[in-house]
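Asker:
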Amino acid sequence: MLASIFYRFEHYEVLKYIYAVTVVLSFLFFLSGVVTCMMTAGYLVFKTMYNEKEMAVIRLLVWDECK
């Protein structure tokens with residue numbers, strides 16, 4: 001609706017900016033979804049590959065590296 005108002009009054013530059021911002025935001029949302037899927041898949045693979053004791057050791061090793 002807002003775009004039709006700008007189009008009717010020939011504010012084409014504003015429409016270009018709105019389109020550019022929309023494209024950038026949709027790409028960022030797409031990337032955040034991809035990252036979330038990859039993190040979830042990595043977590044599930046990790047969870048099924050190792051048992052609880054090995055996971056505790058891995059967490060301690062990662063924690064020591066992050067400190």
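Going by UniProt numbering, the sequence shown wraps up at 67, each residue one higher than the last.
Note that CB positions come from ideal geometry on N, CA and C, so glycine has one too.
The structure displayed is predicted, hence computed values, not measured ones.
Just verifying my parser: in three-state terms, what is the DSSP assignment at Tyr-43?
Answerer: Residue 43 sits at position 43 when you count from the first residue of the sequence shown. Reduced to three states, the DSSP call for Tyr-43 is helix.
Asker: Which class does Glu-10 belong to by DSSP, given the choice of helix, strand or coil?
Answerer: In the sequence shown, the residue the question calls residue 10 occupies position 10. Coil, per DSSP.
Asker: For a test of the three-state rule: what should DSSP assign to Tyr-50, helix, strand or coil?
Answerer: Translated into the one-based positions of the sequence shown, residue 50 becomes position 50. Three-state DSSP puts Tyr-50 in coil, outside helix and strand.
Asker: Using 9 angstroms as the threshold, is the C-beta distance between Lys-47 and Met-39 below it?
Answerer: By 1-based counting over the sequence shown, the position of residue 47 is 47. By 1-based counting over the sequence shown, the position of residue 39 is 39. Cβ distance not < 9 angstroms, so Lys-47 and Met-39 don't count as in contact.
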